[in-house]
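Protein chains in written order, with this note's numbering: chain A, 1 to 115; chain B, 116 to 147; chain C, 148 to 232.
Virtual Cβ for every residue (Gly too), placed ideally from N, Cα, C.
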Amino acid sequence: MEAEVDKLELMFQKADSDLDYIQHRLEYEIKTNHPDTSGEKNPVIVLKELSAVKSRYQSLYARFKPISIEQKETKNRICATLKKTMTVIKELQKQTDLELPPLTEEEKTVTEQLK
Amino acid sequence: TLKDDINSLLDKTRLENQESTDFLKATKILMK
Amino acid sequence: SDLEQLCSYVNEKIGNIKKIMSLRNLGQEPALKTTLSKIGDEIIVVNELLNKFELEIQYQEQTNNSLKELCESLEEDFKDVEHLK
Numbered sequence: 001m002e003a004e005v006d007k008l009e010l011m012f013q014k015a016d017s018d019l020d021y022i023q024h025r026l027e028y029e030i031k032t033n034h035p036d037t038s039g040e041k042n043p044v045i046v047l048k049e050l051s052a053v054k055s056r057y058q059s060l061y062a063r064f065k066p067i068s069i070e071q072k073e074t075k076n077r078i079c080a081t082l083k084k085t086m087t088v089i090k091e092l093q094k095q096t097d098l099e100l101p102p103l104t105e106e107e108k109t110v111t112e113q114l115k
Numbered sequence: 116t117l118k119d120d121i122n123s124l125l126d127k128t129r130l131e132n133q134e135s136t137d138f139l140k141a142t143k144i145l146m147k
Numbered sequence: 148s149d150l151e152q153l154c155s156y157v158n159e160k161i162g163n164i165k166k167i168m169s170l171r172n173l174g175q176e177p178a179l180k181t182t183l184s185k186i187g188d189e190i191i192v193v194n195e196l197l198n199k200f201e202l203e204i205q206y207q208e209q210t211n212n213s214l215k216e217l218c219e220s221l222e223e224d225f226k227d228v229e230h231l232k
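Take a look at the structure:
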């Protein structure tokens, strides 16, 4: 069994290096057939840049997603805490008969906005 | 389509950023 | 799953080679050449979009930190008000 596995492993390694050789040989052939003229890239480079752009997009998207979710959660937490705080302040106001200055126009607008 | 995806995501992020900036300003006014 | 990974690894390599094979005859047809240079131009445009997107994400990370700081100080205020009560 052990020998069979080793043999299989060798086959995979050989296939891997053969594939590498074919790819490099093809790239070399294309580069020699299409030397980089002014402004024109050879197709292999364009292909590599295309996959680089795709993976860059995927990594940026992976970075963006959790931040966007976390931002919504934090905003909800802020609104909830603000609401609780305003409620307690009103209760304190009643208990102490303390007259607080009314909300300014700006504060009213902003409160509406946060609602 | 990759370009369209990026464009729509860019607009979405810009909008979210604008909203968060306004939200921050609003909350700071109330906290004064 | 190791074998599956191995297979997808080999398949990916074979896929790449097929793609490059299809590019091999590119020089002959001028129409394909223009398509190729158009793709090259598009890649530049997309990279510029990704640069903008990356800047927006950096701004978003900063805003996120400010929101978290604000949230913490608000929660401190709430505790003080609760204590007062």
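Cβ of residue 118(B) less than 8 Å from any chain C Cβ?
yes
Taking residue 233(C) as part of the alpha helix (DSSP H), name the residues at either end of that continuous run.
Since the displayed chain C opens at 148 and closes at 232, residue 233(C) lies outside it and no answer follows.
Pull up the distance between the alpha-carbon of residue 119(B) and that of residue 100(A), whole angstroms please.
53 Å
Kindly indicate which three-state DSSP category residue 97(A) falls into: helix, strand or coil?
coil
Burial state of residue 135(B), where buried means 16 or more other Cβ atoms lie within 10 Å:
buried
Rounded distance between the beta-carbons of residue 231(C) and residue 92(A), thought under 8 Å
6 Å
Suppose contacts are defined by Cβ-Cβ distances below 8 Å. Is residue 30(A) in contact with residue 211(C) by that definition?
no
Whole angstroms is fine: what's the gap from residue 108(A)'s alpha carbon to residue 205(C)'s?
32 Å
Assign residue 239(C) to buried or exposed, taking buried as 16 or more other Cβ atoms, counted over all protein chains shown, within 10 Å of its Cβ.
Lying outside 148 to 232, the shown extent of chain C, residue 239(C) is not represented and no answer is given.
Taking 8 Å as the cut-off, decide whether the C-beta atoms of residue 144(B) and residue 57(A) are in contact.
no
Is there a Cβ of chain A sitting closer than 8 Å to that of residue 130(B), yes or no?
no
Please report how far the alpha carbon of residue 127(B) lies from the alpha carbon of residue 105(A), in whole angstroms.
31 Å
Quick one: which chain A residues come within Cβ less than 7 Å of residue 224(C)?
85
Compare the C-beta of residue 121(B) against all C-beta atoms of chain C and say whether one is closer than 8 Å.
yes
Tell me whether the beta-carbon of residue 193(C) lies closer than 8 Å to the beta-carbon of residue 53(A).
yes
For the alpha helix (DSSP H) that residue 7(A) lies in, which residues bound it at each end?
2 to 33
Work out the CA separation of residue 167(C) and residue 198(C) for me, nearest whole Å.
28 Å
Distance, residue 186(C) Cα to residue 61(A) Cα:
22 Å
Would DSSP call residue 116(B) helix, strand or coil?
coil
Chain B residues whose Cβ lies nearer than 9 Å to that of residue 186(C):
Those within 9 Å of residue 186(C) in chain B number zero; the least Cβ separation is about 11 Å.
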